[in-house]
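One structure is given here, and the rest of the page talks about it.
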Amino acid sequence: MGDTNTQAALSLYAAPPLSEEPGIGALSIPGYLREVTERYRDKEAVVMHGADGVQRWSYQDLWDRSVEVARALIASGVGKGSRVGILMTNRPEYLSAMFGVSMAGGTFTVLSTFSTADEMVHLLTASGVSVLLFEDRVLKKDFSAMLAELEPGIVDAEVGELSSTRFPYLRHLVVLAGVTAATASETPALNAVEPWDEFLTRAETVSEQVVDARMKTVYASDPGGLFFSSGTTSLPKAILQSQRAFTIQFWRWPRLWGLTEPARCWTGNGFFWAGPMTIIVGNALSTGGALILEPLFDSAAAIKLIAEEKVTLMNGRPHQWARMQAEPSWDTADFSSLRNVTKGDIIRAHPTANNDWDLPNAFGTTETMSILSSFEDGDPGNEDPSNFGPLLPGNIIKIIDPLTGDIVAMGERGEVCVKGPTLMMGYVGKSAEECFDEQGFYRTGDGGFIDAQGHLFWEGRLNDIIKTGGANVSPEEVDTVIAQYPGIKRTQTVGVPHETLSEMVVACVVPIDGVQLDEAELIAFLKERLASFKLPRRVLIFTESEYPLTGNEKVKAGDLRELAVKRLA
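If you want this note's numbering, it's the 1-based position in the sequence shown plus 92.
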């Protein structure tokens, strides 16, 4: 809607209003679940295979379990705006907890199961959760023991009566038995920690009518959830999102991806990331489909699960598809049910896979609750990999000079700034002035430009964009191509200082266990797929232990750049 822009010559663009977006329903999280439950009540909504068999919940089951959690939380003192931590793998209880917290009027806080003890201290103190719902063990990580070490009072305090100077808001802890523990899980004797089943019995003291009354006072503008940034350069920021930030994305994903049938959705990534949560929950429940849960990514188990549960949509990363490709069962895998796979060139190359869908280019951040621009399925503009689509309804974008803050001319490169209905309410502990500029825009720290139609051409993090020989290279674009090469587990392209080029493009990769990568062969592969100035001049091969990662498995690009410089020296 270019005619809405008062300064057409400048990089300032307003998308159509949210009210004009088709397919948007209830905008509170409880209202969303009520609406999809009324539509699809008896259909299958949640599936998880486990050691004790297969759990299957209908939409009505999900609603009932969520109401039960809400009643138990209310009985435990959760009120309007109370923050409740969720520290779990992707399992059915995660969903009933998430929706249950919202039904009770609270704000769910999603915590990474990759967290170390030091990171956990930061997450619990920054979030100020009063209740923590956690899985006792995830693989070899023992969260019960970790929490007892961080706060010894957990050992002796009564249930619901923890009094801690380290975590002054934390009062109540509830534990679930782990579903991924390497060995049988035994919860330490922690008096302050209440088992999940006993916690649910608290629901008996609160009527469903109380929950219903609370849901009527949960508004779209209320806080909905608290996420943490990846923290690649500092401690993770606590990002507070409104109710409508979640629901708008839940409703819009199926439209953007062209889903006309119920979607059976799988991901190998945790719901403590905004993308997997909105993509999987939204595409599944908004279409009357089902979430096919795998608590942690297991390549062999994923291949089996996709065939058995007729998965139609997979959200993950190319290195995960490469790990599946390396499995002995790959050749006999059945991917015939799949229709939508994110960055799925490896999957699409399998003889049983469908090749009729291309992932719509999109851009977003955790601060915007995933996407803020995107093509719709089938749009011919999606063929340009540098074009990340039109601005989504309700959003406004401007491109500024990162040094002066002035809006640049249309088509000129600068820093991407946005505001709109899915933009965060702010960072916890930060003032509005520290989160947004004087016009209410969030400065993303990403570089790019827009055209007169409001299409965003994203070029990566400003600090990560490689300037080589007078040209700009987006590491994301190079890494997307590298990930298509067999045997790649991780890849991050960086720029290292160079006497004549300013920066030299260098790819830093980790191979799948047991795979021997040849630098010359990989560069030859890339030479056929990348412009010459984007081509890495060197490929450096690292082990998993050498690769600098955050607790959320995001690459610390700055640290990796330093390692690359040392390796090349």
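Glycine included, C-beta positions come from ideal geometry on N, C-alpha and C.
Counting C-beta neighbours from all protein chains within 10 Å, is the total for residue 327 16 or more, i.e. buried, or is it exposed?
By one-based count along the sequence shown, residue 327 stands at place 235. Under this definition residue 327 is an exposed residue.
If the criterion is Cβ atoms closer than 9 Å, does the pair residue 374 and residue 406 meet it? Taking the sequence shown and counting its residues from 1, the one referred to as residue 374 is at position 282. Taking the sequence shown and counting its residues from 1, the one referred to as residue 406 is at position 314. Result no, Cβ atoms of residue 374 and residue 406 do not sit closer than 9 Å.
Counting only runs that start and end within the segment 272-347, where is the alpha helix (DSSP H) found for 4 or more residues in a row?
Runs found: 288-293, 300-307.
* Given that a residue counts as buried once 16 or more other Cβ atoms are within 10 Å of its Cβ, and exposed if not, what is residue 474? -> Indexing the sequence shown from 1 puts residue 474 at position 382. By the 10 Å Cβ count, residue 474 comes out buried.
Judging by CA-CA distance, which residue of 398, 262, 634, 255 is the nearest neighbour of residue 218? Your numbering for residue 218 matches position 126 in the sequence shown. Measuring from the Cα of residue 218, the nearest candidate turns out to be 262.
query: So, using beta-carbon positions, are residue 321 and residue 160 closer together than 9 Å?
result: On the sequence shown, position 229 is the one that residue 321 refers to. On the sequence shown, position 68 is the one that residue 160 refers to. In this structure, residue 160 does not lie closer than 9 Å to residue 321 by Cβ.
Kindly give me the distance between the Cβ atoms of residue 157 and residue 271, rounded to whole angstroms, as I take these residues to be in contact under 8 Å. Sequence index remark: in the sequence shown, residue 157 carries index 65 (1-based). Sequence index remark: in the sequence shown, residue 271 carries index 179 (1-based). Not really, about 16 Å apart at Cβ, beyond 8 Å.
- Task: Please confirm if residue 489 has its CB atom under 9 Å from at least one CB of chain C.
- Result: The chain inventory of the structure shown lacks chain C, comprising one protein chain alone.
Exercise for review: Go ahead and pull the three-state DSSP assignment for residue 233.
Suggested key: The sequence position of residue 233 within the sequence shown is 141, counting from 1. DSSP places residue 233 in strand when its eight states are reduced to three.
Where does residue 431 sit, in a helix, a strand or coil, going by DSSP? Against the sequence shown, residue 431 aligns to sequence position 339. Coil at residue 431, not helix or strand.
(Q) Please state whether the Cβ-Cβ distance between residue 421 and residue 438 is less than 9 Å. (A) Sequence index remark: in the sequence shown, residue 421 carries index 329 (1-based). Sequence index remark: in the sequence shown, residue 438 carries index 346 (1-based). Their beta carbons are not under 9 Å apart, which means residue 421 does not touch residue 438 by this criterion.
message = I'd like the span of the alpha helix (DSSP H) that includes residue 157, first residue to last.
response = For the purposes of this step, residue 157 is taken as residue 65 along the sequence shown, with counting starting at 1. Segment 151-167, the alpha helix (DSSP H) holding residue 157.
- prompt: Hey, which unbroken runs of the beta strand (DSSP E) at 3 residues or more fall wholly within the segment 426-512?
  reply: 454-457, 462-466, 488-492, 506-511
Check: Do you know how far the Cα of residue 465 is from the Cα of residue 455?
Finding: Walking along the sequence shown from the start, residue 455 turns up at place 363. Walking along the sequence shown from the start, residue 465 turns up at place 373. If you take the alpha carbons of residue 455 and residue 465, they lie about 5 Å apart.
Whose CA, out of 607, 572, 611, 557, lies closest to the CA of residue 586?
Looking up residue 586 in the sequence shown gives position 494. Considering only alpha carbons, the answer is 557.
- Could you tell me the distance, in whole angstroms, from the CA atom of residue 48 to the CA atom of residue 502? Since the first and last residues shown for the chain are 93 and 661, residue 48 lies out of range.
**Prompt:** Smallest Cα separation from residue 515: which of 347, 202, 331, 148?
**Reply:** Counting from 1 along the sequence shown, the entry for residue 515 is found at position 423. Of 347, 202, 331, 148, the smallest CA-CA separation from residue 515 is found for 331.
Whole-number beta carbon distance between residue 571 and residue 583, since they are thought to touch under 8 Å:
Residue 583 sits at position 491 when you count from the first residue of the sequence shown. Residue 571 sits at position 479 when you count from the first residue of the sequence shown. Approximately 5 Å separates the beta-carbon atoms of residue 583 and residue 571; this is inside 8 Å, confirming the contact.
*Along the alpha helix (DSSP H) that carries residue 663, what are the first and last residues, could you check?*
Look at the range of the chain in this structure, 93 to 661, and you will see that residue 663 is not part of it.
- Look up residue 370 in the DSSP assignment and say whether it is helix, strand or coil. As a first step, residue 370 is located in the sequence shown; it is residue number 278 there, counting from the start. Reduced to three states, the DSSP call for residue 370 is helix.
Go through the segment 560-591 residue by residue and report every complete run of the beta strand (DSSP E) that reaches 3 residues or more, in order.
563-565, 580-590
- the segment 190-205 touching the segment 304-318, judged by at least three CB pairs closer than 8 Å: yes
### Query
Within this structure, are the beta carbons of residue 507 and residue 539 separated by less than 9 Å?
Within the sequence shown, residue 507 is the residue found at index 415, counting from 1. Within the sequence shown, residue 539 is the residue found at index 447, counting from 1. Taking 9 Å as the Cβ cut-off, residue 507 and residue 539 qualify as a contacting pair.
| Straight-line Cα distance separating residue 259 from residue 220 | Residue numbering aside, residue 220 sits at position 128 when the sequence shown is read from its first letter. Residue numbering aside, residue 259 sits at position 167 when the sequence shown is read from its first letter. Separation of residue 220 and residue 259 (C-alpha to C-alpha, rounded to the nearest whole angstrom) is 7 Å.
- request: Tell me whether residue 206 sits in a helix, a strand or coil according to DSSP, three-state version.
  value: Mapped onto the sequence shown, residue 206 falls at position 114. Residue 206 sits in coil when the DSSP states are folded into three classes, being neither helix nor strand.
Alpha carbons only, please: which of 554, 118, 167 is nearest the one belonging to residue 223? Taking the sequence shown and counting its residues from 1, one reaches residue 223 at position 131. The shortest Cα separation from residue 223 among 554, 118, 167 belongs to 167.
- request: Take the Cβ of residue 248 as the centre, count every other Cβ of all protein chains shown within 10 Å, and call the residue buried at 16 or more, exposed below.
  value: Taking the sequence shown and counting its residues from 1, one reaches residue 248 at position 156. Residue 248 is exposed by the Cβ-count criterion.
Point to revise | Which listed residue (480, 495, 143, 265) has its alpha carbon closest to that of residue 251 | key: Translated into positions along the sequence shown, residue 251 becomes position 159. Of the listed residues, the one whose Cα sits closest to residue 251 is 265.
Exercise. Among 101, 599, 383, which has the Cα closest to the Cα of residue 574?
Worked result: The sequence position of residue 574 within the sequence shown is 482, counting from 1. With distances taken between Cα atoms, residue 574 lies closest to 599.
* Asked: Near residue 529, which residues of its chain fall below 8 Å by C-beta distance, leaving aside the five closest residues on each side in sequence?
  -> In the sequence shown, residue 529 corresponds to position 437, counting from 1. Same-chain partners within the cutoff: 497, 509, 535.
Task: Three-state secondary structure assigned by DSSP to residue 407 - done: Here the question's residue 407 lines up with position 315 in the sequence shown. It is a strand residue.
Can you tell me whether residue 615 is helix, strand or coil according to DSSP? In the sequence shown, the residue the question calls residue 615 occupies position 523. Helix.
- Name the one or two DSSP bridge partners that residue 356 has. As a working mapping, residue 356 is identified with position 264 in the sequence shown. Paired residue(s): 382.
Going straight from the alpha carbon of residue 313 to that of residue 659, what length do you get?
-> To locate residue 313, count along the sequence shown from 1; it is residue 221. To locate residue 659, count along the sequence shown from 1; it is residue 567. Straight-line Cα distance between these residues: approximately 50 Å.
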